[in-house]
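When we follow my numbering, the leftmost residue of the sequence shown carries the number 11, and every step to the right adds one.
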Amino acid sequence: MTDAAPENATGAASQTGSAFLDTALGKITKRTDIALALGVVAILAVLLMPMPTWMLDFSLAVSITFSVLILMTVMFVEKPLELNSFPTILLIATMMRLSLNLASTRLILAEGHTGTDAAGRVIEAFGNFVVGGNYVIGIIVFGILVIVNFVVITKGAGRIAEVAARFSLDAMPGKQMAIDADLSAGLINEDDARSRRKTLEDENSFYGAMDGASKFVRGDAIAGLLITFINIIGGIIIGAVQKDMTVAAAAQNYTLLTIGDGLVSQIPALIVSTAAGMLVTKAGITGPADKVIFGQLSNRPSALGISSFLLVLMALLPGMPALPFLILAAATGGTALLLMRHRAQATTAQEQEVAMEAAQTPVAEEPITTALAIDTLRLELGYGLLSMINTQSEQRLTDQIKALRRQLAMEMGFIMPAVRIQDNLQLNANSYIVRVKEIEAGTGELRPNMLLVMDPRGETISLPGEATTEPTFGLPAMWVSDQNREEAMFRGYTVVDAPTVITTHLTEVIRDNMSELLSYAETQKLLDELGAPQQKMIA
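Here it is as C-alpha cells:
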C-alpha cells in the first residue's frame, strides 16, 4: 500500500500536467489573433525598452528556432501556394532580428567594457566558440556570410520572384480565358471554375508579395552590415574615451561582442533567405521537392558513372588525398550500377507483362466466309513493305489511310470503304497492288527506308540515288537516303516517304473509280447517317 501511493501521485500529477498543457494549447490555437498581436507588440517593445541578458539569450534562441522552423516547413511544402503567408512571415522574422540587433547593440555599447559576457551567453558563445576568440577571424567569417546572403541567395531569390510575378501577371488573361472556355465547353462546373479563379488570384498575389518581400531580406543584410560597423566604431570610441580602456582592449572586447551579435543575427537571416529561395524556385516543380530532385538526379545512371570515373582521376592526381575521392567514386559508381540493373529489370518485367497479356488475349479467328467475300478496296503488300503497318513505326500506313478517309469525307461527302491490307508472297518484296473489287487498279514498287524525290520543274535530279518512275502519275523520280532530305528540300524538290506514295496512289485510284465504289450499299449507309427529319423527307 505504501509503495502504490507515490506511483498514484506521480500518475495523477502527470495526467494533471497533460490536461493543463492540452487546455493551454487549445486556448492558444483558438486565439491565434491575440498571440500574433502580442508577438508584434513585443517586437516593437524591444525597439524601445532595454532588455536583460537572460531575456536576450531566450529571444535569440527563439529567433534561431523560428528561422529553422521556416526552412523545414518550406522543405516539406509541395506547392508555393501552400505557404502563401510566407511574405508576412518574412516580415515578422526580419523585424524580430532587427529588434534583437538593437537590443544587443544597447547592451554591447553600455556594458561591453565589463567583458565578453556583457550581451548574454549566446552572443559570447558565437564570439568565442564559433570564431575561436579571434576577432579578425570573426570579421572575415561575418563578411563571407554577408556576401553569401546578400550577393548570392538574396539576389537570386529576388530575381526569381520578380520574374515569376511578371510572368504570372502576363499569363493571367490567358489562364482566365482558358477557365472560361472549359466552363463553356462543360469540362468543369461552376464550383471548379470559381476554385480555379481563386487559385489564379492567390498565385498572382503571392508572387507579387514575394517580389516585395525579397526586399526585406536584402535590406536586412544591409542593415546587419551597417549595424556591425557602427557597433565596432562606437564600441572602440566608448571603451577608449569613456571607460578608460586601451584601444587594443576595447577593440578586442567590443569587436568580439559585435561579431558574435552579427553572426547570431546573420545565421538566421541566411536560413530564412535560403527558405525564400527554395520556396520561389518550387514554382516549376510538381510534387514533393525531395522526390523530384532525387528522381531527376538518379534518372541518368550514365551521369553517375562518368562522375565516378572523374573522381577516380582526381584521386590519382599527385598530392591529392585519394581516400575521400575513392570513397565517393565507389558510392557514385555503385549507385549507377544499381540504377542500371534496376532499370533493366523493370524493362524486362514490363516486356514480360506485355507478352503475357498478348499471350492471354485470344486470337479472333477469321470466319471462312470472309475468304469468299469480295473486298471493295484491297491493298496487297510484298513482305518487304510489311514494316510500314507495324505499330512501332513512326509513320504508319494505317494512320495515313485513316486521315485519307476523313479527308475524302470532308471534300466529297463520300465515306471511303474500308481498305483491307494483306500480304502477298507472290509479289516482289517491295511491290504493292491496289485492287478495286478484285480487279487490279494500280501497282508500284517502293523503297521502305528511302525517300522519293521529284522535281516539279521537270529537270534532272542531281542527287545520289536510284532513278525510278513515280507510280501514281508516271513522273521521273529518284529514291534517295534520308540523309539527303535537307539537301533535296533546299533545292526545291518534292520529297515524300514510302507510305505517302501509297496513300497518294490510293487517293487517285479512289477518285478514278468513284462510280464503282459508290454502290447501293454505300448509298444506303449515307442515308442511314441522315437525321430523322431528312430521312422522313426522303421517304
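In this text, a Cβ means the ideal position worked out from N, Cα and C, and glycines have one as well.
With a threshold of 6 Å on Cβ separation, who are the neighbours of residue i within its own chain once the five nearest residues in sequence on each side are excluded?
i      : result
Ser441 : Gly392, Glu455
Val373 : Residue confidence is low: Val373 scores 49 on pLDDT, short of 50, so the model does not pin down where it sits. No coordinate-derived value is stated.
Thr513 : Gln410, Leu414
Is the beta carbon of residue i sitting closer than 9 Å to the one on residue j?
i      : j      : result
Leu66  : Leu117 : yes
Gly222 : Pro97  : yes
Leu236 : Asn159 : no
Ala356 : Pro311 : no
Asn523 : Ala451 : yes
Ala498 : Leu473 : yes
Gly122 : Trp64  : no
Ala508 : Met464 : no
Leu266 : Gly148 : yes
Glu172 : Leu91  : no
Val554 : Leu112 : In the structure displayed, the chain extends from 11 to 549; residue 554 sits before or after that span and is not available.
Ile240 : Thr42  : no
Asn494 : Gly475 : yes
Ile133 : Gly270 : yes
Thr386 : Ala359 : no
Glu480 : Leu437 : no
Work out the CA separation of residue j and residue i for me, nearest whole Å.
i      : j      : result
Met324 : Gly343 : 15 Å
Lys292 : Asn434 : 58 Å
Met350 : Pro334 : 24 Å
Gln417 : Thr482 : 19 Å
Gly137 : Gly218 : 39 Å
Thr268 : Thr164 : 23 Å
Thr510 : Asp409 : 11 Å
Phe319 : Leu336 : 10 Å
Leu210 : Pro183 : 10 Å
Ala332 : Gly315 : 18 Å
Lys208 : Ile242 : 51 Å
Leu395 : Arg353 : 34 Å
Lys535 : Glu448 : 22 Å
Phe424 : Arg388 : 18 Å
Thr533 : Ile198 : 40 Å
Leu307 : Lys301 : 10 Å
Gly49  : Met61  : 16 Å
Ser317 : Ile154 : 29 Å
Glu404 : Lys412 : Note that Glu404 has pLDDT 49, beneath the 50 cutoff, so the model's placement of it is unreliable and no number is given.
Ala260 : Gly249 : 5 Å
Ala135 : Ala174 : 41 Å
Met398 : Glu421 : 26 Å
Leu119 : Ala258 : 16 Å
Gly125 : Ile247 : 16 Å
Leu321 : Met220 : 40 Å
Ser205 : Val51  : 36 Å
Phe304 : Met82  : 18 Å
Gln362 : Asn309 : 23 Å
Arg430 : Glu88  : 52 Å
Just to check, is the beta-carbon of residue i closer than 8 Å to a non-hydrogen atom of the ligand ADP?
i      : result
Gln186 : Summarising the ligand content, the structure contains no ligands, and the ligand ADP is consequently not present.
Residue i bridges to which residues according to DSSP?
i      : result
Leu155 : The partner list for Leu155 (beta bridge, DSSP) is empty, contrary to what the question assumes.
Leu462 : Trp489, Val506
Leu479 : Just to set this straight, residue 479 is Thr in the shown sequence, not Leu. Pro486, per the DSSP bridge assignment.
Thr605 : With the chain represented from 11 up to 549, any question about residue 605 goes unanswered, as that position is not in the structure.
Gln432 : Glu390
With residue i and residue j assumed to form a contact (beta carbons below 8 Å), what rounded beta-carbon distance in angstroms separates them?
i      : j      : result
Ala286 : Ala167 : 5 Å
Ile99  : Ile80  : 6 Å
Pro466 : Thr504 : 6 Å
Leu70  : Val274 : 6 Å
Ser289 : Leu93  : With the sequence shown as reference, residue 289 is identified as Leu, and Ser is not the correct amino acid for it. Confirmed, Cβ separation roughly 6 Å.
Val444 : Leu516 : 6 Å
Tyr145 : Gln262 : 6 Å
Ala103 : Phe68  : That pair is no contact at about 17 Å.
For residue i, I'd like the list of residues in its chain whose CB is within less than 8 Å of its CB, leaving aside the five on either flank, ordered along the chain.
i      : result
Lys225 : Gly168
Ala203 : Ile189, Asp190, Asp192, Leu193
Ala47  : none
Thr256 : Ala250
Glu200 : Leu193
Spatial neighbours of residue i within its chain, please: CB distance less than 7 Å, with the 5 preceding and 5 following residues excluded, ordered by chain position.
i      : result
Ile53  : Met105, Met106, Ser109
Ser215 : none
Ala231 : Val156, Asn159, Phe160, Thr164, Ala279
Gly272 : Phe152, Gly234, Thr238
Ile471 : Val463, Asp465, Met488, Tyr503
Val84  : Leu93, Ala285, Met288, Leu289
Glu518 : Thr482
Lys253 : His123
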